[in-house]
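Remarks on the structure that follows.
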Amino acid sequence: MNCYGYRFEASGKYHPSDPFIDTDGSNIFEYLQTYKYLYAKVKVTNSDDELIAEADSGWIIYPQLLAFLDIKHNLIDQPDNFNFETFRFALEQIDCVIDINEPITVVEASNLLHQLYKAEEK
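This is the structure we're talking about:
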């Protein structure tokens, strides 16, 4: 699939599109990972200019399944970096509010994320 990546400054200014080809979602994920900390927003569209992925303020927020992968990649797969409040914040960015007030371990967070992923996949 032909994709176009757009990088937006906090001021709203955006850079010319970066065309690339993606066959399995990995190039989209890589593009967002590369630029999500450098720009306020990063968007990926298809050749029909339909939004297919988005990152905002350092987190992938759309689609939700890719957002779950981002959380896993940045918090669960790097347990030394795990912070419950950051985990909760990341989920809130994708409108996934959890009803847990006490901190949980990285293993519990991993299990919860897996459950959320499976529920969204259906």
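Following this note's numbering, the numbering of the sequence shown begins with 4 at its first residue and continues without gaps. Backbone N, C-alpha and C fix where the C-beta goes; we use that ideal spot for every residue, glycine too. As the structure is a computational prediction, the values presented were derived from the model and not from experiment.
Taking C-beta separations shorter than 8 Å and ignoring five residues to either side along the sequence, the partners of V109 in its chain run L78, I79, P82 and F85, following chain order. Looking at Q118, L41 and S20, the one whose alpha-carbon comes closest to that of W62 is L41. Rounded to whole angstroms, the Cβ separation of A70 and I97 is 4 Å, and the two are in contact under 8 Å. Relative to M4, the option among H18, P19, S29 and G15 whose CA is nearest is S29. Put simply, of F90, Y38 and K75 the residue whose alpha carbon is nearest the alpha carbon of D21 is Y38.
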